[in-house]
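Engineer: I have a structure I would like to understand better, so I am pasting it below and will then ask my questions one at a time.
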């Protein structure tokens, strides 16, 4: 439901349109060199797609319509009902790689921008899309969910346990009388 638009007409082309618009905006900033422009474009695209596809969980709009079925799934996990290696997922994996190759070429193979773009490509755009990380979360600065655990399955805590603790089971209510 949330990710059906990925297979719609024009959904694949919008990536190139947004990349072109981003490149035009970056090129019009005074003092922006070609190397910095291409590096900033690729880093921005990698970061925004990571945020959109791998960080945000659930359905952002009309969440009451699905009854919570997608609350613990990222958009990447919702695409094609979680099936791996579908045409849409292959496309979404190839766009950052093509953008990396273009940015490497247009930065004249500068080793520093190459290292920055390659690191971002691997850590932000490729690794989160691997099947081994399906339904796995590696989050920082969250509300107490241990890192590396799925966001929906929290580590058990003593306060959330339904079994009464030993200390609570021995206490007798002061209003309760024994007969």
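Residue numbers (full-length UniProt numbering): 1 to 179. For each residue, glycine too, the CB sits at the ideal point set by N, CA and C.
(1) Within the same chain, show all residues whose beta-carbon is closer than 8 Å to that of residue 39, passing over the 5 residues directly before and after it, in chain order.
(2) When you compare each of 58, 49, 105 to residue 123 by their alpha carbons, which one comes out closest?
(3) What is the C-beta distance between residue 56 and residue 75, in whole angstroms, given that I count them as a contact (C-beta under 8 Å)?
(4) Please state the DSSP three-state secondary structure of residue 205.
(5) Using CA coordinates, which residue listed in 20, 22, 47 is at the minimum distance from residue 121?
(6) If you compare alpha carbons, which of 78, 26, 84 is closest to residue 45?
(7) What residue range is occupied by the uninterrupted alpha helix (DSSP H) comprising residue 90?
(8) CA-CA distance, residue 51 and residue 5?
(9) Since I believe residue 91 is in contact with residue 199 (beta carbons under 8 Å), could you give me their beta-carbon distance rounded to a whole number of angstroms?
(10) Shortest alpha-carbon distance to residue 79 belongs to which of 131, 20, 21?
(11) Is residue 19 near the ligand FMN - that is, is its Cβ less than 7 Å away from at least one heavy atom of it?
(12) Look at the alpha carbon of residue 85 and the alpha carbon of residue 128, and state the distance between them as a whole number of angstroms.
(13) CA-CA distance, residue 81 and residue 10?
(14) Can you give, in chain order, each stretch of the alpha helix (DSSP H) that sits fully within the region 17–53 and has at least 4 residues?
(15) Am I right that residue 22 and residue 43 are in contact with their C-beta atoms under 8 Å? What's the rounded C-beta distance?
Structural biologist: Reading off the structure:
(1) The residue given as residue 39 occupies position 39 in the chain shown. Shown here for residue 39: same chain residues with a beta carbon closer than 8 Å to its own, the five before and five after excluded, namely 103, 107, 113, 116, 117 in chain order.
(2) Position 123 of the chain shown holds residue 123. For residue 123, the nearest C-alpha among the options comes from 49.
(3) On the chain shown, residue 56 is found 56 positions in, with the first residue counted as 1. On the chain shown, residue 75 is found 75 positions in, with the first residue counted as 1. That belief holds up - the Cβ atoms of residue 56 and residue 75 are roughly 7 Å apart, short of 8 Å.
(4) Since the displayed the chain opens at 1 and closes at 179, residue 205 lies outside it and no answer follows.
(5) Locating residue 121 in the chain shown gives position 121, where the first residue counts as 1. Among 20, 22, 47, the Cα nearest to that of residue 121 belongs to 47.
(6) In the chain shown, the residue the question calls residue 45 occupies position 45. Checked all of 78, 26, 84; the closest Cα to residue 45 is 26.
(7) Locating residue 90 in the chain shown gives position 90, where the first residue counts as 1. It spans 87–106 - the alpha helix (DSSP H) in which residue 90 sits, taken as one unbroken run.
(8) Within the chain shown, numbered from 1, the residue matching residue 51 stands at position 51. Within the chain shown, numbered from 1, the residue matching residue 5 stands at position 5. Distance between the alpha carbons of residue 51 and residue 5: 17 Å.
(9) Past the boundaries of the shown model lies residue 199; the chain is included only from 1 to 179, so the question cannot be answered.
(10) Residue numbering aside, residue 79 sits at position 79 when the chain shown is read from its first letter. The shortest C-alpha separation from residue 79 is found at 131.
(11) Although the ligand FMN was asked about, the structure shown includes no ligands whatsoever.
(12) By 1-based counting over the chain shown, the position of residue 85 is 85. By 1-based counting over the chain shown, the position of residue 128 is 128. If you take the alpha carbons of residue 85 and residue 128, they lie about 14 Å apart.
(13) One-based indexing of the chain shown puts residue 81 at position 81. One-based indexing of the chain shown puts residue 10 at position 10. Between the C-alpha atoms of residue 81 and residue 10 there is a straight-line separation of about 20 Å.
(14) Taking only runs of at least 4 residues, the alpha helix (DSSP H) segments lying wholly in the region 17–53 are 34–50.
(15) On the chain shown, position 22 is the one that residue 22 refers to. On the chain shown, position 43 is the one that residue 43 refers to. Not really, about 11 Å apart at Cβ, beyond 8 Å.
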